[in-house]
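Mapped onto my numbering, the consecutive letters of the sequence shown carry residue numbers 5 to 328.
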Amino acid sequence: ILDPDLTVVQQFTSLAGTSRNCAGGSTPWQSWISCEEITMTPALNQSGSLENVDKAHGYNFEVPAAATGAVLPEPLVAMGRFRHEAIAVDPRTGIVYQTEDQVDGLFYRFIPNEPEHLSAGGTLEALMIREVPYALTHSRFPVNRPVPVEWIPIEDVDPAEDTIRYEGHSKGAALFSRGEGICYSDGHIYFTCTNGGDVPSGQVWKYTPDFTPSSETASSEPSSGGTLGGMLELLVQPNNPRILDYPDNIIMAPWGDLLLCEDGAGEQFVMGLTPEGQLYPFARNALNGAEFAGICVAPTGSTLFLNIYSPGLTLAVWNEEMAI
């Protein structure tokens, strides 16, 4: 907790008992969703793994912004048990979009039974490209050509093993290569695939939900028993690590450009992406070769926070003219 002049007022552990927490994401109702990027279970300990757990992992957890200490780690089971990376919420609907950090991962949405109360359960679905069921999006996918999508229901959201993506793909869901950072902005969901591309150096995608109230009852029926659901577009795929090298965390900056944290080899950058599709270096890690992570903007819009993964530094970048 910081004062407006960035003086630290208080700091404390807000969540414990979880494992390998990754990017996560904020909600419009003033909370944070922390995502586990591991699916270890007690049964798997017997296989000789170094992980020592007495409960299954691979869930999301919610931490209220108003928390004054560690919250009870209650898994949001209905959101699925898989290698979670990050979430973004569409504030118009309360639908939560989720990425999966697997080379054969899916792109998910969670429709809560009660918006703003994720623990009340809901429906988990995976994205399918309508024209190309079972699509492999990691290579030879057209850039800047929006395609219509459907959403496929996931039945077994809490499997004993890490199999949700297998169920979804067997029903036609598209595979994405290491879905990681995700954010919402102005009616669109943006997300990265860290090693997608014909040269596996990264992709940036845009999903635009169909916000027409009658969209799911349109005369054109979905082809697979799923629900109609907007358009998907591959925005950027440079196929060149010297231009974009393993994009990970992502946010929309107050000035309207996306900011992408790299997690590749060699020098690490925060790259900017303009609405016209131009990439430019915004910041460079001059300390070491560790990745940037946890990038976010303060509510005032005047301060940008980000971390250097190792040795574990949080940086603040501010500019009075950057405020919204």
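C-beta: ideal position from N, C-alpha, C; glycine also.
Checklist entry - Do you know whose CA, among 40, 154, 203, lies nearest residue 28's CA? => result Each of 40, 154, 203 was checked against the Cα of residue 28, and the nearest Cα belongs to 40.
Next on the checklist: Can you look up residue 133 in the DSSP assignment and give me helix, strand or coil?
Outcome noted: strand
Checklist entry - Going by DSSP, what residues sit across from residue 276 in a beta bridge? => result 263, 284
Item to check | Alpha-carbon to alpha-carbon, residue 36 and residue 69 | outcome: So the two alpha carbons sit approximately 7 Å from each other.
Checklist entry - Quick one: Cα of residue 318 to Cα of residue 272, how far? => result 15 Å
Next on the checklist: Give me, in chain order, the residues of the same chain whose beta-carbon lies closer than 8 Å to that of residue 74; leave out the 5 immediate sequence neighbours on both sides.
Outcome noted: 16, 17, 18, 19, 20.
Item to check | Beta-carbon gap between residue 261 and residue 277 smaller than 8 Å | outcome: yes
Checklist entry - Based on the DSSP secondary-structure assignment, which residues constitute the bridge partners of residue 156? => result DSSP lists 130 as partners of residue 156.
Checklist entry - Taking the C-alpha atoms as reference points, what is the distance between residue 12 and residue 125? => result Each residue's alpha carbon lies about 36 Å from the other.
Checklist entry - Are there 16 or more other CB atoms within 10 angstroms of the CB of residue 141, so buried, or fewer, so exposed? => result Burial call: buried.
Checklist entry - Taking the DSSP output, what are the residues bridged to residue 36? => result 30, 67
Next on the checklist: Tell me the rounded alpha-carbon separation between residue 281 and residue 263.
Outcome noted: If you take the alpha carbons of residue 281 and residue 263, they lie about 12 Å apart.
Next on the checklist: Can you look up residue 311 in the DSSP assignment and give me helix, strand or coil?
Outcome noted: Of the three classes helix, strand and coil, the one that applies to residue 311 here is strand, per DSSP.
Item to check | Contact set for residue 23: own chain, Cβ-Cβ below 7 Å, skip 5 residues either direction | outcome: 40, 42, 44, 57, 61.
Checklist entry - How would you write the range of the alpha helix (DSSP H) that residue 169 sits in, first residue to last? => result Here the alpha helix (DSSP H) through residue 169 covers 168-174.
Checklist entry - If you run the structure through DSSP and keep just helix, strand and coil, what is residue 238? => result strand
Next on the checklist: Using the three-state DSSP reduction, which class does residue 178 fall into: helix, strand or coil?
Outcome noted: Residue 178: coil per DSSP, three-state reduction.
Item to check | Nearest candidate by alpha-carbon position, reference residue 321, set 304, 315, 314 | outcome: 304
Checklist entry - According to DSSP, what are the bridge partners of residue 109? => result As a beta-bridge residue in DSSP terms, residue 109 pairs with 180.
Checklist entry - Would you call residue 244 buried or exposed, if buried means 16 or more other Cβ atoms sit within 10 Å of its Cβ? => result exposed
Checklist entry - Using CA coordinates, which residue listed in 254, 166, 250, 182 is at the minimum distance from residue 194? => result Of 254, 166, 250, 182, the smallest CA-CA separation from residue 194 is found for 254.
Next on the checklist: Can you tell me whether residue 248 is helix, strand or coil according to DSSP?
Outcome noted: coil
Next on the checklist: Using C-beta distances below 7 Å, list every residue in its chain close to residue 50, excluding the 5 sequence neighbours before and after it, in chain order.
Outcome noted: Because residue 50 sits at a pLDDT of 48, beneath the cut-off of 50, its placement in the model cannot be relied upon, and the following sentence gives the value as read from the coordinates. Closer than 7 Å at Cβ, skipping near neighbours: no residue.
Checklist entry - Along the chain, where does the beta strand (DSSP E) that runs through residue 192 open and close? => result 192-197
Checklist entry - What three-state label does DSSP hand residue 116 in the structure shown? => result strand
Checklist entry - How about residue 295 and residue 313: are their beta carbons less than 8 Å apart? => result For the pair residue 295 and residue 313, the CB atoms are nearer than the 8 Å cut-off.
Checklist entry - Of the choices 210, 154, 310, 176, whose alpha-carbon is the least far from that of residue 279? => result 210
Checklist entry - If you compare alpha carbons, which of 290, 14, 188 is closest to residue 95? => result 188
Checklist entry - Under a three-way DSSP split, which group does residue 301 fall into? => result strand
Checklist entry - Does the beta-carbon distance from residue 113 to residue 129 come in below 8 Å? => result yes
Checklist entry - Around the Cβ of residue 293, are there at least 16 other Cβ atoms within 10 angstroms (buried) or fewer (exposed)? => result So residue 293 ends up on the exposed side.
Checklist entry - Just reading off the beta strand (DSSP E) that residue 88 is part of, what are its end residues? => result Looking at the DSSP string, the run of the beta strand (DSSP E) that includes residue 88 is 88-93.
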